[in-house]
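To start, the structure itself, in structure tokens.
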Amino acid sequence: MSTPTSSDTDSGTAPSAGSVRASLRNPAFWNFGGLFFFYFAIWQLAFTFLSRWLEVEAGMSHGNIGLLNSVMALTAFCLQPLYGFLQDKLGFRKHLFAFVVLVGALMGPFFAFVFTPLVELNQVLGAIVGGVFLSLTLNAGVGIVEAFNERSSRANGFEYGHVRLFGSIAGALSSLVGGFIWASNPNNIWWAATVSAIVLGTLLLVARTPKPGDPGYAAVAADAAEGGAQGAGGKAKVSRETVLALLRDRSFLGFMVLMFGAAALYDVFDQQFPNYFARFVTGGVDPQVLFSRVVFAQILVEALVMVAMPFVINRIGAKRGLQLFALVLVVRVVGSAFFTHTSLLIFWRLLAAVEMPLMLVSVMKYITRMFDVRISATAYMIGFNMAKQVGIVVFSWVFGTAYDVIGFSSSYVIMGGVVLVVTLLAGVLMVDDRSRADADGAVESAQGAREHSART
Numbered sequence: 003m004s005t006p007t008s009s010d011t012d013s014g015t016a017p018s019a020g021s022v023r024a025s026l027r028n029p030a031f032w033n034f035g036g037l038f039f040f041y042f043a044i045w046q047l048a049f050t051f052l053s054r055w056l057e058v059e060a061g062m063s064h065g066n067i068g069l070l071n072s073v074m075a076l077t078a079f080c081l082q083p084l085y086g087f088l089q090d091k092l093g094f095r096k097h098l099f100a101f102v103v104l105v106g107a108l109m110g111p112f113f114a115f116v117f118t119p120l121v122e123l124n125q126v127l128g129a130i131v132g133g134v135f136l137s138l139t140l141n142a143g144v145g146i147v148e149a150f151n152e153r154s155s156r157a158n159g160f161e162y163g164h165v166r167l168f169g170s171i172a173g174a175l176s177s178l179v180g181g182f183i184w185a186s187n188p189n190n191i192w193w194a195a196t197v198s199a200i201v202l203g204t205l206l207l208v209a210r211t212p213k214p215g216d217p218g219y220a221a222v223a224a225d226a227a228e229g230g231a232q233g234a235g236g237k238a239k240v241s242r243e244t245v246l247a248l249l250r251d252r253s254f255l256g257f258m259v260l261m262f263g264a265a266a267l268y269d270v271f272d273q274q275f276p277n278y279f280a281r282f283v284t285g286g287v288d289p290q291v292l293f294s295r296v297v298f299a300q301i302l303v304e305a306l307v308m309v310a311m312p313f314v315i316n317r318i319g320a321k322r323g324l325q326l327f328a329l330v331l332v333v334r335v336v337g338s339a340f341f342t343h344t345s346l347l348i349f350w351r352l353l354a355a356v357e358m359p360l361m362l363v364s365v366m367k368y369i370t371r372m373f374d375v376r377i378s379a380t381a382y383m384i385g386f387n388m389a390k391q392v393g394i395v396v397f398s399w400v401f402g403t404a405y406d407v408i409g410f411s412s413s414y415v416i417m418g419g420v421v422l423v424v425t426l427l428a429g430v431l432m433v434d435d436r437s438r439a440d441a442d443g444a445v446e447s448a449q450g451a452r453e454h455s456a457r458t
């Protein structure tokens, strides 16, 4: 799993040179950039090396590795709403972020003194405890980091998209440096995460956040008040009826099916791919060191592709973009099953650099074009986040067990078939968005809403 990617393209506007210079001159920009850098260093170290470490160092079966990933997703599914509610209540206070940092700082001791003995005692129990622990700071914790830094960027007057790039840089560098750490001692990966968390905690401690009465605090509070006023005026309230209407929309159901199947299996496929990759590496090279370099290259290419992807999706449409994402995933999964030379496996992995931008940009554009943008956050949370997390919970354990029973290659063929089936089903349900390309970022009119309802 690569570092979650963000882009200024979501807003439909490119950042100006002046805004970039203003961000660079702002001392707070570098402080909050450091928060992103060291958090996503922990993220990338964990997800690049986790499955290989669990197999080689902890001796876990693929089924139990899959169970651990399922528990991580399930924990995030349960905790994210609570984390979001608490962070909204806390505002600029750092308590919840500090908890995420504390759990990250405990990674080294946890894996050395708790997890390894627990796995030796009982692998299933180890998978459950390990999944919950990791999710506290990773799958569930990432939302806290993103929300806190986004709010702080507005208060401190710099572009969120600019400071978020520190996370992408950290993802690439951590994959590369982590390879050298792995070569010296695989267990040091978790101690490196602990060191990164300690630096992260130091930066969080010195980070200046606005207090009541400060201009930045007042500006963010005014934004929230304006949003509330719009809701009171009937423009942005999310009610039970709103959600039910969304769930009755054919296009939304198709979108959820695609996220449950294809988007979830994108993550599930990547979870244990390093273990499969290691079986075919020849020439005396450490497979995990080589894989870390491949991930480094993938993240760099992914960032370049992300720049151009909005223009591609504007030409072909978001629905076709999602279908193309699923098709590339099928090619990558099935290709990995049949063509296993090291160079080809590297190629299949690098294809992910096209997949992720295809998915992210298409998801955002399909939501804003096909559904009322006044409830786009709700559509994103239910249609993308929740549907995908449920898919990961189900498929991580199912395919992890399949790797043990029928092998990776046969499991990949079945996985490719599942992606193909859900893509065809979603294609029947989802309405083409190209006729609504002008709806990007605009609130659909009452007439447009009626026409869309008639089509679906």
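Read in order, the letters of the sequence shown correspond to residues 3 to 458 in our numbering. Using N, Cα and C, we set each Cβ at its ideal position, and we do this for glycine too. Since we're looking at a predicted model, the values are computed, not measured.
Assigned exposure category for residue i - 16 Cβ within 10 Å defines buried
| i | result |
| --- | --- |
| glutamate 357 | buried |
| histidine 64 | buried |
| serine 177 | buried |
| leucine 2 | The question about residue 2 has no answer, for the chain in this structure spans 3 to 458. |
| phenylalanine 313 | exposed |
| alanine 355 | buried |
| isoleucine 408 | exposed |
| arginine 438 | buried |
| serine 412 | exposed |
| lysine 367 | buried |
| alanine 75 | buried |
| arginine 281 | exposed |
| lysine 91 | exposed |
| alanine 78 | buried |
| leucine 260 | buried |
| valine 73 | buried |
| arginine 166 | buried |
For residue i, three-class secondary structure by DSSP
| i | result |
| --- | --- |
| alanine 339 | helix |
| valine 274 | Reading the sequence as shown, one finds glutamine at residue 274 and not valine. Of the three classes helix, strand and coil, the one that applies to glutamine 274 here is coil, per DSSP. |
| glycine 14 | Reliability of the predicted coordinates at glycine 14 is poor, the pLDDT of 41 falling under 50, and the value obtained from them is presented with this limitation in mind. Glycine 14: coil per DSSP, three-state reduction. |
| arginine 153 | helix |
| phenylalanine 373 | coil |
| serine 177 | helix |
| arginine 250 | coil |
| glycine 256 | helix |
| glycine 145 | helix |
| glycine 286 | coil |
| methionine 432 | coil |
| serine 455 | Because the pLDDT of serine 455 is 40, which lies under 50, any placement of that residue in the model is unreliable, and the number read from its coordinates should be weighed accordingly. Three-state result, serine 455: helix. |
| arginine 438 | helix |
| alanine 354 | helix |
| arginine 281 | coil |
| proline 188 | coil |
| serine 398 | helix |
| threonine 380 | helix |
| threonine 344 | helix |
| alanine 209 | coil |
| serine 241 | coil |
| leucine 426 | helix |
| phenylalanine 315 | Just to set this straight, residue 315 is isoleucine in the shown sequence, not phenylalanine. Note: isoleucine 315 maps to helix in three-state DSSP. |
| phenylalanine 160 | coil |
| leucine 37 | helix |
Below-9 angstroms beta-carbon distance, residue i vs any chain B residue
| i | result |
| --- | --- |
| phenylalanine 340 | Protein chains in the displayed structure number just one, and chain B is not present. |
Proximity below 9 angstroms, CB of residue i to CB of residue j
| i | j | result |
| --- | --- | --- |
| serine 53 | glutamine 273 | yes |
| serine 198 | isoleucine 44 | yes |
| isoleucine 183 | tryptophan 55 | no |
| phenylalanine 410 | arginine 351 | no |
| proline 188 | valine 287 | no |
| alanine 305 | phenylalanine 160 | no |
| threonine 380 | threonine 244 | yes |
| phenylalanine 257 | phenylalanine 397 | no |
| valine 147 | leucine 37 | yes |
| alanine 149 | asparagine 33 | no |
| glycine 181 | glutamine 290 | yes |
| asparagine 28 | asparagine 158 | yes |
| phenylalanine 135 | phenylalanine 42 | no |
| glutamine 89 | leucine 81 | no |
| valine 102 | leucine 47 | no |
| alanine 129 | threonine 196 | no |
| isoleucine 369 | serine 378 | yes |
Heavy atom of the ligand ATP within 8 angstroms of residue i beta-carbon
| i | result |
| --- | --- |
| alanine 185 | For the structure depicted, the ligand ATP is absent and the ligand set is empty, with no information on it obtainable. |
On the three-pair Cβ rule with 8 angstroms, is the segment 320-333 touching the segment 418-431? Taking 8 angstroms as the limit for Cβ pairs, the verdict is that the segment 418-431 does touch the segment 320-333.
Enumerate, from N- to C-terminal direction, the unbroken alpha helix (DSSP H) stretches of 4 or more residues contained entirely within the segment 50-128. 64-92, 97-107 and 118-123
Taking contact to mean at least 3 C-beta pairs separated by less than 8 angstroms, is the segment 267-274 in contact with the segment 392-399? yes
Count the CB pairs spanning the segment 119-139 and the segment 55-64 that are closer than 8 angstroms, and state whether there are at least three. yes
Determine contact between the segment 169-183 and the segment 298-307, defined as no fewer than three beta-carbon pairs at a distance below 8 angstroms. yes
Cβ pair count under 8 angstroms reaching 3, the segment 250-259 against the segment 142-152: These segments do not touch.
Quick check: the segment 428-438 against the segment 339-349, are there 3 or more CB pairs under 8 angstroms? no
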